[in-house]
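Quick note, my numbering runs 12 ahead of the 1-based positions in the sequence shown.
Read the structure below first, then the notes.
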Amino acid sequence: MPPPRPTRILLGVSGGIAAYKAAELIRLLRAEGVELRVVMTAAAQAFITPLSLQALAGGEVRCDLLDPRAEAGMDHIELARWAELVLVVPATADLMARLAAGLADDLLTTLILATTAPVVLAPAMNHRMWRHPATQHNAALLAARGVRLLGPAEGDQACGESGPGRLLEPAEILARILRRPQGPLAGRRALVTAGPTREPIDPVRYLSNRSSGRMGYAVAAALAGRGSRVVLVSGPTALGPPAGVERIAVETALEMQAAVLERVATCDLFVGAAAVADYRVADPAPEKLKKGAAELGLRLVRNPDILGEVAALARPPFTLGFAAETERLEEHARAKLAAKGVDMIAANRVGGETGGFEREENALLVLWRGGRRVLPLCPKPLLAESLVDLLEERFGAQAASQDP
Ligand code: C5P
13 MPPPRPTRIL LGVSGGIAAY KAAELIRLLR AEGVELRVVM TAAAQAFITP LSLQALAGGE
73 VRCDLLDPRA EAGMDHIELA RWAELVLVVP ATADLMARLA AGLADDLLTT LILATTAPVV
133 LAPAMNHRMW RHPATQHNAA LLAARGVRLL GPAEGDQACG ESGPGRLLEP AEILARILRR
193 PQGPLAGRRA LVTAGPTREP IDPVRYLSNR SSGRMGYAVA AALAGRGSRV VLVSGPTALG
253 PPAGVERIAV ETALEMQAAV LERVATCDLF VGAAAVADYR VADPAPEKLK KGAAELGLRL
313 VRNPDILGEV AALARPPFTL GFAAETERLE EHARAKLAAK GVDMIAANRV GGETGGFERE
373 ENALLVLWRG GRRVLPLCPK PLLAESLVDL LEERFGAQAA SQDP
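So this is what it looks like as structure tokens:
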């Protein structure tokens, strides 16, 4: 189920050059009938005045934690309770660091510690500050605690440089938090595979791989957030099922294949994010193998290519596959797009510095026939949102072209 549309939003503004865009966002939110309370950090007031935001928000803007006059009205705990959503636009590197550390050294950070409402941040900063390991670590930590990050976008920056760190446009932020239920993925059925598979050698041992399942789970959660009905066929992982997603637990590639083929005919979308073992043991031993001989051979046989089978169906859903490559990323991923006959491939480099298995962040090169897009390094939940934005775009374009 898509999250309900918030009607009472606490808007935090922290101190970066993009703070002026908060004014436009306030105007858009008010036009949607959202009730707003605005809280500014000290640094935000160096970029835009509380008076400007107050005039647009139609109510008092608060800046101080220890303000006896303001606290006599709605005190900060009441304000934290009042909010149905806390949205921070822009969120600076400093604010993210303070939130990651759990500080409560001003009104905004105190409110965010005190609230039980969902917290959404729209980061904006110089691209080197965004890419810095400290900021990436803070972003991943906040995302793991359930904070949703929107953006940053990539492009020209106020400092004259270019890269990931631009604030998303206010209209884009509005669309993401007040997501209309009629987006192209709403009401669609999506099937997602995730995690590793385990191929038994004997009753206690198996062949497997290092997939954590995080990327597939994040894509399933992002699809559910767009109103899709999501079934997640998952190999063994340490993760809990995402809210609003039906999870089917499997162990082996053959079990995963059966679970997928049973359900795929009624699906509009298929996302193959599982790291399916390419081979299984031909004859798993019925009893625990005993050590004895100096050498032991295992005969392996090929597993079915689940994604390839789904894409080859007579009436296939829209298919998105992943490609983990150690070299010549684009060339190999383009070849995979054609060989498997899928609609989109999200490729990432493995074995290098920029993410992959068992990591909290990743970067992707997404390819489709006639197009490509780079999704820069960021925490997997945030990357999944950007990937699903692209999926929405391509799926929407395909659905529109098939309409009579
Ligand atoms: O061929 P390769 O394993 O590199 O392809 C990766 C993509 O194919 C991933 O999307 C993965 O989920 C899917 N796959 C599959 N079944 C297999 C092997 C891979 O669905 N047996």
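Built from N, CA and C at the ideal position, the CB exists for glycine as well.
Nothing here was measured: the structure is a model prediction, and the numbers come from that model.
Query: Ordered list of alpha helix (DSSP H) runs contained in the stretch 13-52, each at least 4 residues; Result: 33-43
Query: Range covered by the alpha helix (DSSP H) that runs through proline 182; Result: 182-189
Query: Classification of methionine 13 by the beta-carbon crowding that lies within 10 angstroms, buried from 16 upward; Result: Below a pLDDT of 50, predicted positions are generally treated as unreliable, and methionine 13, at 42, falls in that range; no measurement from the model is reported.
Query: Beta-carbon gap between leucine 23 and valine 132 smaller than 8 angstroms; Result: no
Query: Cross-strand partners of alanine 390 (DSSP beta bridge); Result: Contrary to the premise, residue 390 reads as cysteine rather than alanine in this sequence. In DSSP, cysteine 390 forms a bridge with Asn374.
Query: Contact test: aspartate 401 Cβ vs the ligand C5P heavy atom, cutoff 7 angstroms; Result: no
Query: Chain-order list of residues whose beta-carbon lies under 7 angstroms from that of glycine 163 (same chain, five-residue window excluded); Result: Ala134, Pro135, Leu179, Leu180
Query: Opposing strand residues paired with tyrosine 218 [DSSP bridges]; Result: Pro212
Query: Separation of proline 176 from proline 388, as counted between CA atoms; Result: 7 angstroms
Query: Buried/exposed call for proline 215, threshold 16 Cβ in 10 Å; Result: exposed
Query: Distance, methionine 227 Cα to alanine 335 Cα; Result: 12 angstroms
Query: Assigned exposure category for alanine 234 - 16 Cβ within 10 Å defines buried; Result: buried
Query: Pairwise C-alpha distance: alanine 152 and cysteine 390; Result: 8 angstroms
Query: Inter-residue Cα distance where the pair is asparagine 451 and glutamine 169; Result: The requested residue 451 does not occur in the structure, where the chain is confined to residues 13 to 416.
Query: Inter-residue spacing [alpha-carbon to alpha-carbon] between valine 322 and glycine 27; Result: 49 angstroms
Query: Those residues which DSSP pairs with phenylalanine 330 across a bridge; Result: Leu281
Query: Cα-Cα separation between asparagine 360 and threonine 209, rounded to whole angstroms; Result: 20 angstroms
Query: Between the CA atoms of proline 393 and alanine 82 - distance to the nearest angstrom; Result: 37 angstroms
Query: Identified DSSP bridge partners for valine 243; Result: Leu203, Glu258
Query: DSSP state of glutamate 337 mapped onto helix, strand, coil; Result: strand
Query: Coil, strand or helix - proline 102 by DSSP; Result: strand
Query: Under the three-state DSSP convention, the category aspartate 355 falls into; Result: coil
Query: Distance cut-off 7 angstroms: aspartate 374 Cβ against heavy atoms of the ligand C5P; Result: Note that residue 374 is asparagine in the sequence shown here, rather than aspartate. No - the ligand C5P has no heavy atom lying nearer than 7 angstroms to the Cβ of asparagine 374.
Query: Residues that glycine 177 bridges to, as DSSP identifies them; Result: Paired residues: none, contrary to the question.
Query: Alpha-carbon to alpha-carbon, glutamate 263 and proline 182; Result: 44 angstroms
Query: Among Glu47, Ala287, Lys300, Leu123, nearest to alanine 92 - alpha-carbon criterion; Result: Leu123
Query: Exercise answer, beta-carbon shell around the ligand C5P heavy atoms below 5 angstroms; Result: Gly284, Ala286, Val288, Asn315, Asp317, Ile318, Leu319, Gly333, Phe334
Query: Supposed close pair proline 316, alanine 265 - CB separation, criterion 8 angstroms; Result: 7 angstroms
Query: Enclosing alpha helix (DSSP H) for valine 272 [first to last residue]; Result: 265-275
Query: Whole-angstrom distance between alanine 230 and proline 253, CA atom to CA atom; Result: 10 angstroms
Query: Pair within 8 angstroms by beta-carbon distance, leucine 403 and leucine 379; Result: no
Query: Residues of its chain near valine 257, where Cβ-Cβ distance is below 6 angstroms and the 5 sequence neighbours each way are ignored; Result: Ala232, Ala236, Val242, Leu244
Query: Assigned exposure category for valine 313 - 16 Cβ within 10 Å defines buried; Result: exposed
Query: Length of the line joining the Cα atoms of leucine 325 and glutamate 184; Result: 36 angstroms
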